[in-house]
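Asks: Here you go, one structure.
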């Protein structure tokens, strides 16, 4: 495993400070730049390795609740953050993401743009200082990762090449030129990437998954309002995915939540992840944010009053999409209840997945909550800590239900062995089921009657202890985002709260649909605005239409 925690945190800072403050014999002049020879003289061959570690460390922004996660999840039917009295208001920034009323000054839109571009430029910086071929390949694909999301979220990206004049604003690419350049960087880097085996490295399989996403999302990037899908691009998705599937390196976990438990580095489904070491300080909001942001303050009594932040929820319509029958969904998580779908959770005690018994069970939490001794919990006002599906229509809670509204989601098994963080759960970025479902999607876009696609989808459902869907399985019901008998719904059930829902809704053509707590929409929201600060810094960027 790359030692992010030991050197990545300091790599870029060390180089910049060393150059600025410690290299007294470089005869620096105002607006001068350092040559490769000067950097090599100062840092030797370790320079590119340190810079590459710094680029990997930039991926920590993925764990934050207020950046990519918020834009990809809170802007959809999978997540929202109600205001609870004085908690989680923040001038309404969370609510406007869910109901699509943001503007070009929104802090989360700016923070995500900046984090993606930090990875973009830090990865490019590796290429400037004579890296080895494997180092250069990893840097290029790390950059491609950032550029893909910039295209998908903002429709354009700034880019520098090694040797560009740093005093000039970066050039900007969009549309076909933008996505073709990203694809080319991945394709040309593939031969020099490490072989699969370490999911913390940008290896050949990781690059193939990213390439699949580029080919599949290309139609959206070219025309967000009305995407079309080139048969050649879809064929590439099938070929790349089939290579990964036939390698037999990956398989489904017997327990879905084993993918997200502490010490999950060797999870059978892990293709790309960000590694964490429990108790080792990293100066970032680690994966523990994933349960803190949703759990109540009293969720784990030995750690009161700071067991959670009591914010994030899902909506009842999305929860109900797990039930593929006509029987109404039961908001009951008793262990004895017949399992509808393992991914719904609430049926597996955390005891078997964590070294610390907390009483918290991974999945969707509804109804009365209990501590590790099966004692019913109460909220801070003394009312039963029983989560209810209903949320105020304006997402502003008041009264006795202030702290308990909304179905809570615990995707990562809380690692209370390192309470306060960082936890020992590695953060999943790409998982094997994504490969399977992308191949199935590509096949169905080519041929809506492809039986092998239906088999793959239902094989995944079997692995999740869920009943088979009737075939044929349509891609989407454009009149009902939550229709449970579609491929879109299956992707939602498999990847909820994994920062992919907005991208999926765009590709399936339903991102502008109305859903709970989002009464209207506007076509301009197919892309986020370029932040005003970014426009002021780079005249080559152009604001997206409608903003």
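Residue numbers (the numbering used here): 187 to 733. For every residue, glycine included, the Cβ atom is placed at its ideal position computed from N, Cα and C.
1) Distance, Cα to Cα, residue 311 vs residue 476?
2) Which residues bound the beta strand (DSSP E) around residue 320?
3) If we ignore side chains and look at the alpha-carbon of each, how far apart do residue 711 and residue 365 end up?
4) From what residue to what residue does the alpha helix (DSSP H) around residue 393 run?
5) What residue range does the beta strand (DSSP E) around residue 360 cover?
6) From the DSSP output, which residues share a beta bridge with residue 460?
7) So residue 234 packs on residue 317, CB below 8 angstroms; how close in whole Å?
8) At a threshold of 7 angstroms, does residue 606 count as lining the ligand ATP (C-beta to nearest heavy atom)?
9) Could you check whether the region 425-432 touches the region 346-365, counting it as contact only if at least three pairs of C-beta atoms, one from each stretch, sit closer than 8 angstroms?
10) Looking only at its chain, what residues have a beta carbon closer than 7 angstroms to the beta carbon of residue 252, apart from the 5 residues adjacent to it on each side?
11) For residue 657, does the three-state DSSP call read helix, strand or coil?
12) In the DSSP assignment, find the beta strand (DSSP E) that holds residue 549 and state where it starts and stops.
13) Report buried or exposed for residue 349, applying the criterion of at least 16 other Cβ atoms within 10 angstroms of its Cβ.
14) For residue 270, name the three-state secondary structure that DSSP assigns.
15) Could you tell me the distance, in whole angstroms, from the CA atom of residue 299 to the CA atom of residue 717?
16) Mind checking residue 496: buried by the 16 CB within 10 Å criterion, or exposed?
17) Leaving out five residues on either side along the sequence, give the residues of the same chain with a beta carbon under 8 angstroms from the beta carbon of residue 635.
18) Buried or exposed: residue 239, going by 16 or more other Cβ atoms within 10 Å of its Cβ?
19) Between the Cα of residue 344 and those of 733, 728 and 389, spot the shortest distance and give me the residue it belongs to.
20) Using a Cβ-Cβ cut-off of 6 angstroms (strictly less than) and excluding sequence neighbours within five positions of residue 708, which residues of its own chain qualify?
21) Run through the DSSP bridge pairs and tell me what residue 583 is partnered with.
22) Among the candidates 608, 573, 419 and 254, whose CA atom is the shortest distance from the CA of residue 302?
23) Can you tell me whether DSSP reads residue 251 as helix, strand or coil?
24) If the criterion is Cβ atoms closer than 8 angstroms, does the pair residue 389 and residue 377 meet it?
25) Kindly confirm or deny that the region 625-633 and the region 602-616 touch, where touching means at least three C-beta pairs closer than 8 angstroms.
26) Taking DSSP as the reference, what is the three-state secondary structure of residue 501?
27) Can you name, in chain order, every residue of its own chain whose Cβ lies under 7 angstroms from the Cβ of residue 194, other than the five neighbours on each side?
28) Can you give me the Cβ contacts of residue 663 inside the same chain, cut-off strictly under 6 angstroms, excluding the 5 residues immediately before and after it?
29) DSSP beta-bridge partners for residue 567?
30) Note the first and the last residue of the continuous beta strand (DSSP E) segment covering residue 650.
31) When the Cβ atoms of the region 594-603 are set against those of the region 388-402, are three or more pairs found closer than 8 angstroms?
32) Let me make sure I understand the geometry here. Which of 680, 306, 733 and 714 has the alpha-carbon closest to that of residue 508?
33) What does the Cβ neighbour count give for residue 706, buried or exposed, with the cut at 16 atoms within 10 Å?
34) Only counting runs of 4 or more residues, tell me where the alpha helix (DSSP H) segments fall wholly within the region 689-731, in order along the chain.
35) Which residues in the same chain have their Cβ closer than 8 angstroms to the Cβ of residue 556, if we skip the five residues on either side of it in sequence?
Replies: Let me lay it out:
1) Their backbone Cα atoms lie some 31 angstroms apart in a straight line.
2) Counting along the chain, residue 320 falls outside any beta strand (DSSP E), though it belongs to the alpha helix (DSSP H) covering 319-340.
3) Looking at the backbone, the Cα of residue 711 and that of residue 365 are separated by about 20 angstroms.
4) From DSSP, the alpha helix (DSSP H) with residue 393 extends over 390-408.
5) Element bounds for residue 360: 357-360.
6) Beta-bridge pairing links residue 460 to 613.
7) That belief holds up - the Cβ atoms of residue 234 and residue 317 are roughly 4 angstroms apart, short of 8 angstroms.
8) Within the structure as shown, the ligand ATP is missing, as the structure has no ligands at all.
9) Here the region 425-432 makes no contact with the region 346-365; the two share fewer than three CB pairs at distances below 8 angstroms.
10) Short of 7 angstroms from the beta carbon of residue 252, and not among the five residues preceding or following it, lie these beta carbons of its own chain, in chain order: 294 and 297.
11) Looking at residue 657 - three-state DSSP - the assignment turns out to be coil, as it is neither helix nor strand.
12) Its beta strand (DSSP E) spans residues 549-551.
13) It counts as exposed.
14) Per DSSP, reduced to three states, the secondary structure at residue 270 is strand.
15) Their backbone Cα atoms lie some 8 angstroms apart in a straight line.
16) With a 10 Å radius around the Cβ and a threshold of 16 neighbouring Cβ atoms, residue 496 comes out buried.
17) These residues qualify, in order along the chain: 658.
18) Result: buried.
19) Ranking 733, 728 and 389 by Cα distance to residue 344 puts 728 first.
20) Counting only Cβ-Cβ distances below 6 angstroms, and skipping sequence neighbours, we find nothing.
21) Looking at the DSSP assignment, residue 583 forms a beta bridge with 270.
22) The residue with the shortest Cα to Cα distance from residue 302 is 254.
23) Of the three classes helix, strand and coil, the one that applies to residue 251 here is coil, per DSSP.
24) Not in contact: residue 389 and residue 377 (Cβ atoms no closer than 8 angstroms).
25) Because the criterion of three Cβ pairs below 8 angstroms is not met, the region 625-633 and the region 602-616 do not touch.
26) Under the three-state reduction of DSSP output, residue 501 falls in the coil class, being neither helix nor strand.
27) Its pLDDT being 41, under 50, residue 194 is placed unreliably by the model, and nothing is read from it.
28) 669 and 672.
29) Here residue 567 is not bridged, per DSSP, to any residue.
30) Premise fails: residue 650 is in no beta strand (DSSP E) and is neither H nor E.
31) In short, these stretches do not touch, since the Cβ pair count stays below three.
32) A check of alpha carbon separations from residue 508 across 680, 306, 733 and 714 identifies 680 as the nearest.
33) With fewer than 16 other Cβ atoms from the protein chains shown falling within 10 Å of its own Cβ, residue 706 counts as exposed.
34) With a minimum length of 4 residues, the continuous alpha helix (DSSP H) runs that stay inside the region 689-731 are 718-723.
35) The answer, listed in chain order, is 545, 562 and 563.
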